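Enquirer: Just so you know, the protein sequences line up as chains G and C, in that order.
The first sequence begins at 1 in full-length UniProt numbering and counts up one residue at a time.
The second sequence begins at 1 in full-length UniProt numbering and counts up one residue at a time.
Built from N, CA and C at the ideal position, the CB exists for glycine as well.
Since this is a predicted model, take the numbers as computed values, not measurements.
Got a structure for you, questions after.
There are 2 protein chains.
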Amino acid sequence: MLHAMPRSGQPQAFELVLAWVDAQILEGRLRVGDHLPAERELAATLDVSRAAVREAVRTLQAQGVVHSFVGAGPGGGTVLTSVPSRALSRLLRLHVALANFPLPDVIEVRIALERLSARLATVNALDEDLADARRALEVMRDPSIDRQAFNDADTEFHVALATAAGNRLASDLTAAIRESMRLPILDRFRHLRDWDEVVADLRSDHEAIFAAIVGRDADVAERLVEAHIRSAWQAITLADGGGAEHTRECADRP
Amino acid sequence: MLHAMPRSGQPQAFELVLAWVDAQILEGRLRVGDHLPAERELAATLDVSRAAVREAVRTLQAQGVVHSFVGAGPGGGTVLTSVPSRALSRLLRLHVALANFPLPDVIEVRIALERLSARLATVNALDEDLADARRALEVMRDPSIDRQAFNDADTEFHVALATAAGNRLASDLTAAIRESMRLPILDRFRHLRDWDEVVADLRSDHEAIFAAIVGRDADVAERLVEAHIRSAWQAITLADGGGAEHTRECADRP
DNA sequence: ACTCGCTAATGGTCTGACCATTTAGTGAGA
DNA sequence: TCTCACTAAATGGTCAGACCATTAGCGAGT
Chain G
1 MLHAMPRSGQ
11 PQAFELVLAW
21 VDAQILEGRL
31 RVGDHLPAER
41 ELAATLDVSR
51 AAVREAVRTL
61 QAQGVVHSFV
71 GAGPGGGTVL
81 TSVPSRALSR
91 LLRLHVALAN
101 FPLPDVIEVR
111 IALERLSARL
121 ATVNALDEDL
131 ADARRALEVM
141 RDPSIDRQAF
151 NDADTEFHVA
161 LATAAGNRLA
171 SDLTAAIRES
181 MRLPILDRFR
191 HLRDWDEVVA
201 DLRSDHEAIF
211 AAIVGRDADV
221 AERLVEAHIR
231 SAWQAITLAD
241 GGGAEHTREC
251 ADRP
Chain C
1 MLHAMPRSGQ
11 PQAFELVLAW
21 VDAQILEGRL
31 RVGDHLPAER
41 ELAATLDVSR
51 AAVREAVRTL
61 QAQGVVHSFV
71 GAGPGGGTVL
81 TSVPSRALSR
91 LLRLHVALAN
101 FPLPDVIEVR
111 IALERLSARL
121 ATVNALDEDL
131 ADARRALEVM
141 RDPSIDRQAF
151 NDADTEFHVA
161 LATAAGNRLA
171 SDLTAAIRES
181 MRLPILDRFR
191 HLRDWDEVVA
201 DLRSDHEAIF
211 AAIVGRDADV
221 AERLVEAHIR
231 SAWQAITLAD
241 GGGAEHTREC
251 ADRP
């Protein structure tokens with residue numbers, strides 16, 4: 001049910017390797033921090049070529065399950081990791097770019113997740129957990145900040161709240177969603193006419209959300225987060241000069 | 001910021017290919033349904049080996065972005081797809097198995113997502129959109145149903161609601177989360193003592209949720225969904241005979 | 001006891017070959 | 001002219017074997 005089957009019923013060579021690793025993980029023989037057998041050894045064990053093993057490793061790497069290091073001894077080899085956020089980010093980003101996930105859908109999910117995070121942060125977060133969020137607020141207070149830097153600090157604020165909430169899945173998804181929307185948001189930011197007005201609203205939204213969380217008012221925090229995300233999205237979609245509508249997410253990386 | 005850098009500053013060969021594909025997608029030159037250049041051709045274009053291209057393709061495949069077909073002509077080649085749900089499922093399943101995402105965290109996110117889906121389904125879903133959910137309800141009404149079949153119908157019910165809600169990201173995430181919890185849930189099901197009582201509760205929960213949705217009462221639907229998920233989780237975690245606690249997700253696939 | 005250098009093991013990469021599958025064209029036969 | 005079988009080409013799938021850069025560990029020499 002899980003893996004795509006090729007034309008015939010035979011699993012592909014790299015799927016054999018994936019199935020082997022799956023089984024090891026499921027049966028608890030492989031845990032985070034453990035080393036996979038060396039590529040040549042695993043290839044010999046499973047009677048496939050080393051190329052097949054490497055393709056499987058790439059698959060696992062794309063899922064954030066392993067990370068490879070060159071060199072001999074304990075420092076080298078392919079190790080089970082626990083960094084799913086990068087993998088989630090890349091996956092979401094690609095599918096948003098392909099329009100498999102329409103942005104309005106993403107926004108709704110983002111609201112649901114950040115409402116959860118706001119509530120959890122209100123209940124669980126200690127003061128030092130909120131240090132990152134506080135720092136992001138400081139950065140956004142700078143009147144001379146440019147649009148990209150503001151957006152990055154904005155992202156950091158929301159991700160910091162999600163992290164402070166202590167729910168790993170929620171925070172990783174939140175980070176992934178923000179990352180997936182980075183280019184579309186920057187594109188709309190660029191076409192904003194009343195930037196100063198928008199950024200003032202965003203600033204006060206953030207301050208109010210933060211105050212509600214440190215004030216331990218979960219209901220208000222939840223409500224403010226939802227209102228903030230909705231109004232911000234509306235501001236950069238409806239109020240733009242119309243230039244963003246037909247602008248395909250154009251690459252601006254150096 | 002996105003891709004892991006190897007030891008030195010040089011990007012790895014397969015990352016060159018990924019970057020190229022990324023750029024094509026971002027600039028709109030590659031859309032869903034389009035063919036990637038043939039592996040040999042792409043290798044020549046980017047001046048890397050075919051093995052490197054294949055590793056990149058495996059990465060993209062793991063992200064649900066492409067699917068490969070053997071053979072010449074339009075029927076063959078590697079094609080951009082839009083099936084992120086399998087990729088999401090596998091990613092979540094692995095990380096749940098590795099305990100990178102603790103199950104209680106997953107449950108909280110699931111509640112947030114399904115509350116959203118319930119609300120959206122109440123507002124958006126036409127009657128025919130709910131046919132799958134209705135069919136799953138029928139299946140679960142069978143008194144002689146075994147635990148695995150019940151769980152599969154249960155999953156189908158929740159996923160059908162999410163699909164009827166019309167939010168692709170929410171439904172894909174819901175499906176992925178259910179899939180990632182399948183083995184842990186089945187394991188706990190197996191150790192349940194008062195199965196008949198639990199299943200009766202689940203049945204009535206589902207019927208009530210469905211009634212609230214067709215009755216267009218979003219608030220009630222949301223509330224019922226959250227209560228249902230919480231009570232079901234509590235029933236299979238707290239009320240089990242203690243056997244599930246130390247049972248590592250043991251494989252039961254054929 | 002310390003240092004230097006060698007060796008082995010690792011992943012990273014490339015080359016070149018062969019296979020199975022599929023399409024498209026081509027030619028022989030009706 | 002049409003039809004069918006066959007061939008050729010293009011595709012991904014797989015493998016074997018080589019070489020490289022990096023790293024850890026060991027051992028000889030000081």
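1. Who are the neighbours of G/Q234 on chain C, taking C-beta pairs under 8 Å?
2. Three-state secondary structure (DSSP) at C/T81?
3. Closer than 7 Å, CB to CB, is C/A97 near chain G or not?
4. Nearest chain C C-beta to G/T163 closer than 7 Å, yes or no?
5. G/Q234: buried (16+ other C-beta within 10 angstroms of its C-beta) or exposed?
6. Could you tell me whether any Cβ in chain G is nearer than 7 Å to the Cβ of C/P84?
7. Apart from the five residues just before and just after C/R119, which ones in its own chain have a Cβ nearer than 6 Å to its Cβ?
8. Quick one: grab the DSSP three-state call for C/S49.
9. Considering only C-alpha positions, which residue in the set G/N100, G/V220, G/A13 and G/I25 is nearest to C/L80?
10. Determine the burial state of G/W20: buried for a count of at least 16 other Cβ atoms within 10 Å of its Cβ, exposed for fewer.
11. Leaving out the 5 sequence neighbours to the left and right, which residues in its chain are closer than 7 Å to C/A176 when beta-carbon positions are compared?
12. What separation, rounded to the nearest whole angstrom, lies between the Cα atoms of G/R141 and G/L161?
13. Per DSSP, what kind of secondary structure is C/F150 in: helix, strand or coil?
14. Relative to the C-alpha of C/L126, which residue among C/A232, C/R216, C/L116 and C/G28 is closest?
15. Going along chain C, which residues have a C-beta under 8 Å from G/V106?
16. Does the CB of C/I213 have a neighbour CB from chain G at under 7 Å?
17. Compare the C-beta of G/N100 with all C-beta atoms of chain C and state if any pair is closer than 7 Å.
18. Find the residues of chain C that neighbour G/F14, judging by a C-beta separation of less than 8 Å, and give them in chain order.
19. So which of G/L116, G/R188 and G/G75 has the shortest CA-CA distance to G/Q148?
20. In the segment 172 to 197 of chain C, which residues sit with their C-beta less than 9 Å from some C-beta in chain G, listed in chain order?
21. Is it the case that the Cβ atoms of C/V65 and G/L94 are separated by a distance below 7 Å?
22. Can you tell me where the alpha helix (DSSP H) with C/V220 in it begins and where it stops?
23. Is G/V32 helix, strand or coil when you go by DSSP?
24. Determine the contact status of C/L98 and G/V32, defining contact as a CB-CB distance below 7 Å.
25. Establish whether the CB of G/A51 and some CB of chain C are separated by less than 7 Å.
26. So, for G/R253: in the same chain, excluding its five sequence neighbours on each side, which residues have a beta-carbon less than 7 Å away from its beta-carbon?
27. Any C-beta of chain C sitting closer than 7 Å to the C-beta of G/A112?
28. For a test of the three-state rule: what should DSSP assign to C/V57, helix, strand or coil?
29. Against C/A38, what residues of chain G qualify as contacts under a CB-to-CB distance less than 9 Å, listed in chain order?
30. Could you give the C-beta distance for C/V57 and C/L16, rounded to a whole number, given that I count them as a contact under 8 Å?
Expert: In terms of the structure at hand:
1. For G/Q234, there are no neighbours in chain C by C-beta distance under 8 Å, as the nearest C-beta there is about 18 Å away.
2. In the displayed model, C/T81 falls within coil according to three-state DSSP, outside both helix and strand.
3. Contact with chain G is found for C/A97, since one of that chain's Cβ atoms lies less than 7 Å from the residue's Cβ.
4. No - not a single Cβ of chain C is within 7 Å of the one on G/T163.
5. When all chains shown are included, G/Q234 counts as exposed.
6. Among the residues facing chain G, C/P84 is included, as its CB has a counterpart in that chain under 7 Å away.
7. Short of 6 Å from the beta carbon of C/R119, and not among the five residues preceding or following it, lie these beta carbons of its own chain, in chain order: A218 and E222.
8. C/S49: coil per DSSP, three-state reduction.
9. For C/L80, the nearest C-alpha among the options comes from G/N100.
10. Sixteen is the threshold: when 16 or more other Cβ atoms of the shown chains lie within 10 Å of the Cβ of G/W20, as they do, the residue is buried.
11. Its chain contains S85, L88, S89 and L92 as the residues whose beta carbon lies nearer than 7 Å to that of C/A176, once the 5 sequence neighbours on both sides are disregarded; these appear in chain order.
12. Each residue's Cα considered, the two are about 18 Å apart.
13. Three-state result, C/F150: helix.
14. Distances from the CA of C/L126 to each of C/A232, C/R216, C/L116 and C/G28 were compared; the closest alpha carbon is that of C/R216.
15. Result: L169.
16. Closer than 7 Å to the CB of C/I213 there is not a single CB belonging to chain G.
17. Taking Cβ atoms only, chain C reaches closer than 7 Å to G/N100, which makes this a yes.
18. Neighbours of G/F14 on chain C, chain order: R58.
19. Cα-wise, what sits closest to G/Q148 is G/R188.
20. Of all residues in the segment 172 to 197 of chain C, D172, L173, I177, E179 and L183 have a Cβ within less than 9 Å of some Cβ in chain G.
21. C/V65 places its beta carbon less than 7 Å from that of G/L94.
22. Where C/V220 is concerned, the enclosing alpha helix (DSSP H) stretches over A218 to L238.
23. Looking at G/V32 - three-state DSSP - the assignment turns out to be coil, as it is neither helix nor strand.
24. Going by C-beta atoms, C/L98 is nearer than 7 Å to G/V32.
25. A Cβ of chain C is located within less than 7 Å of the beta carbon of G/A51.
26. Model confidence at G/R253 stands at a pLDDT of 34, short of 50, so the residue's coordinates are unreliable and nothing is read from them.
27. Yes, G/A112 counts as interfacial toward chain C.
28. Of the three classes helix, strand and coil, the one that applies to C/V57 here is helix, per DSSP.
29. Within chain G, no residue has its beta carbon less than 9 Å from that of C/A38; the closest one is some 17 Å off.
30. Their Cβ separation, rounded to whole angstroms, is 13 Å, which puts C/V57 and C/L16 out of contact at 8 Å.
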